[in-house]
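Written out below as structure tokens is the structure these notes cover.
Residue numbers (our numbering), protein chains in the order written: chain S, 233 to 427; chain Z, 12 to 357.
Next comes the structure, spelled out in structure tokens:
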């Protein structure tokens with residue numbers, strides 16, 4: 233079995249937000265919910281970098297540890313999914329997650345939290361594959377069709393990679409070799425010369 | 012001998028420190044930061060400065076990695092729920108053990124039948140409203156804190172999810188009512204709970220556990236006053252942190268909510284633990300205590316035994332009513348009898 237991972241190459245991401253838009257459109261996620269977002273560090277300064285971030289499908293997921301109703305599970309592909317029929321919308325996964333992946337649609341009453349929504353690695357949920365129930369709750373199930381997550385598939389600079397961790401790591405390793413791994417060759421503008 | 016060793020260690024500690032301070036001069040040549048390392052230091056928020064920006068609008072959306080979340084998760088899972096569970100189980104064990112050893116404390120000289128008014132109807136409504144809301148919130152809160160290790164294996168995920176969902180919604184809905192009844196409690200009982208002369212003696216006597224006979228007490232004894240101020244102060248802390256948690260759309264960040272959750276839970280666990288003792292002493296632990304909150308009247312012998320300074324005032328001001336008068340009041344006045352059934356039907 234593969235071990236599915238996302239990887240975002242900070243040297244390639246151009247903050248076009250196409251991954252965010254593609255995800256929202258593909259899964260028709262509710263208003264106010266963003267399964268993926270692009271964060272820019274040092275915006276407009278020397279050394280500006282952007283990273284696209286969503287659920288990182290942790291091996292030892294903190295969300296699963298703190299969930300009071302134990303609604304998380306890890307698939308054979310190493311994808312962390314959750315059961316919306318079990319989820320009570322308490323928000324503990326949101327506190328525990330380092331990446332801010334869990335999202336909550338606002339429920340009607342007093343703007344309290346609805347059931348949690350997060351990136352599924354385009355792998356749907358516990359419902360049967362390609363049912364309308366699954367689509368409504370979790371969005372498209374691309375993985376069962378043999379396709380990878382749409383955000384990575386359509387990334388114009390191939391900054392965002394998704395797939396088997398070994399393959400992703402291999403691609404990135406080759407890039408590093410081409411760039412030259414030395415800090416002296418890696419983004420000369422970043423170097424703070426002088427003392 | 013020990014002192015000499017300590018001295019040597021201290022001298023040793025000074026040596027490298029001095030060496031460092033000499034080497035601290037700026038080195039000649041080129042100083043280069045590794046751009047990769049710098050980037051990831053910012054991503055990990057190592058120095059907790061300068062978050063990024065994101066086109067996705069939202070609180071904390073510019074934070075790539077929130078390291079506090081893991082600390083919160085570990086604290087909740089290993090300390091908060093474990094020790095919290097032991098505290099709740101422990102206080103029940105202590106109370107049961109105390110009951111077995113000490114039994115029900117009887118009124119000296121038995122019940123006289125002559126009664127004295129202790130609480131008005133309004134005061135009893137305030138007390139029981141707060142008590143019922145508190146018990147409901149305690150139960151639903153405990154289901155959320157300890158349900159996964161305790162209840163989930165018993166009921167299975169589907170059934171427990173329903174219980175937890177109902178607990179969460181109920182907890183959120185009735186939580187604000189706790190603050191309202193707490194403020195009512197503050198207004199109607201604060202004056203009589205101000206500490207006064209003689210309270211220290213009560214404390215030194217351990218509330219009557221140390222030495223012979225009852226410890227002297229006023230209308231409320233020192234233990235009751237301390238419980239009262241605990242309820243008010245910790246209750247306010249719980250209410251404020253609860254309001255922060257219940258409304259996630261106010262714009263507060265994750266770190267604020269993580270801290271609020273910890274404060275909320277620790278405060279609630281303290282109140283829950285002590286409340287078990289309060290409920291024990293107010294019911295099966297001590298004869299005649301429950302009458303005061305049930306009917307508003309207590310036996311004069313009970314007042315003399317537990318609150319002798321207040322009992323003395325009752326004698327002096329001739330506030331005692333006869334058994335016949337009490338029976339007439341209980342039969343005629345619609346308040347006392349109906350109040351009970353109204354509380355029960357809640």
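For glycine and all other residues, C-beta sits at the position ideal for the given N, C-alpha and C.
| query | result |
| --- | --- |
| Residues near residue 293 of chain S by beta carbon distance below 6 Å, same chain, minus five either side | 312 |
| Proximity test, Cβ basis, 8 Å: residue 328 of chain S and chain Z | yes |
| Cβ neighbours of residue 262 of chain S in the same chain (closer than 8 Å, five flanking residues each side left out) | 337, 349 |
| Secondary structure, alpha helix (DSSP H): runs of 4+ residues fully inside the stretch 105-140 of chain Z | none |
| Neighbourhood of residue 297 of chain Z by C-beta distance below 8 Å, restricted to the same chain and skipping five residues each side | 115, 116, 317 |
| Interfacial residues, the stretch 182-203 of chain Z to chain S, with Cβ spacing under 7 Å | 183 |
| Residues that residue 242 of chain S contacts on chain Z, provided the C-beta gap is smaller than 8 Å | 50 |
| Residue from Z/232, Z/284, Z/208 with nearest C-alpha to residue 219 of chain Z | Z/232 |
| From Z/186, Z/153, Z/84, residue whose alpha carbon lies closest to that of residue 327 of chain S | Z/84 |
| Assigned exposure category for residue 126 of chain Z - 16 Cβ within 10 Å defines buried | buried |
| CA-to-CA distance, residue 248 of chain Z to residue 282 of chain S, given in whole angstroms | 40 Å |
| Presumed contact (8 Å Cβ cut-off) between residue 332 of chain Z and residue 322 of chain Z, rounded CB distance | With a Cβ gap of about 14 Å, residue 332 of chain Z and residue 322 of chain Z do not count as contacting. |
| Residues bridged to residue 396 of chain S [DSSP beta-bridge criterion] | S/236 |
| Same chain only: Cβ atoms within 8 Å of residue 78 of chain Z, ignoring 5 sequence neighbours per side | 55, 56 |
| Nearest neighbour of residue 284 of chain S, chosen from S/272, S/347, S/397 [CA to CA] | S/272 |
| Residue 76 of chain Z: contacting residues in chain S (beta-carbon distance under 7 Å) | 330, 331 |
| Exposure of residue 271 of chain Z, with buried meaning 16 or more beta-carbon neighbours within 10 Å | buried |
| Complete beta strand (DSSP E) runs within the stretch 189-249 of chain Z (minimum length 3 residues, chain order) | none |
| Partner residues on chain Z for residue 304 of chain S, Cβ-Cβ distance less than 7 Å | Result: empty, since nearest Cβ-Cβ is about 11 Å, beyond 7 Å. |
| CB contact below 8 Å: residue 260 of chain Z versus chain S | yes |
| Check: residue 368 of chain S C-beta below 7 Å from any heavy atom of the ligand FAD | The model depicted lacks the ligand FAD and carries no ligand whatsoever. |
| Exposure label - residue 402 of chain S; buried when at least 16 CB within 10 Å | exposed |
| Buried or exposed by the 16-neighbour rule on C-beta atoms within 10 Å, applied to residue 94 of chain Z | exposed |
| Residue from S/308, S/314, S/286 with nearest C-alpha to residue 298 of chain S | S/314 |
| Interface residues of chain S facing residue 269 of chain Z [CB-CB closer than 8 Å] | 327 |
| Beta bridge counterpart(s) of residue 11 of chain Z as assigned by DSSP | Nothing about residue 11 of chain Z can be reported from this structure: the residues present for chain Z run from 12 to 357 only. |
| Straight-line gap, residue 305 of chain Z to residue 246 of chain Z (C-alpha atoms, nearest Å) | 24 Å |
| Residues that residue 266 of chain S contacts on chain Z, provided the C-beta gap is smaller than 7 Å | 67 |
| Collapsed DSSP secondary structure at residue 281 of chain S in the structure displayed | strand |
| Chain Z contact for residue 323 of chain S (CB, 8 Å cutoff) | yes |
| Distance, residue 238 of chain S Cα to residue 288 of chain S Cα | 6 Å |
| Enclosing alpha helix (DSSP H) for residue 382 of chain S [first to last residue] | 382-385 |
| Residue span of the alpha helix (DSSP H) that contains residue 304 of chain S, given as start and end | Premise fails: residue 304 of chain S lies in the beta strand (DSSP E), 304-306, not in any alpha helix (DSSP H). |
| Residues of the stretch 70-97 of chain Z with Cβ closer than 8 Å to any Cβ of chain S, in chain order | 71, 72, 73, 74, 75, 76, 77, 78, 80, 81, 83, 84, 87, 88 |
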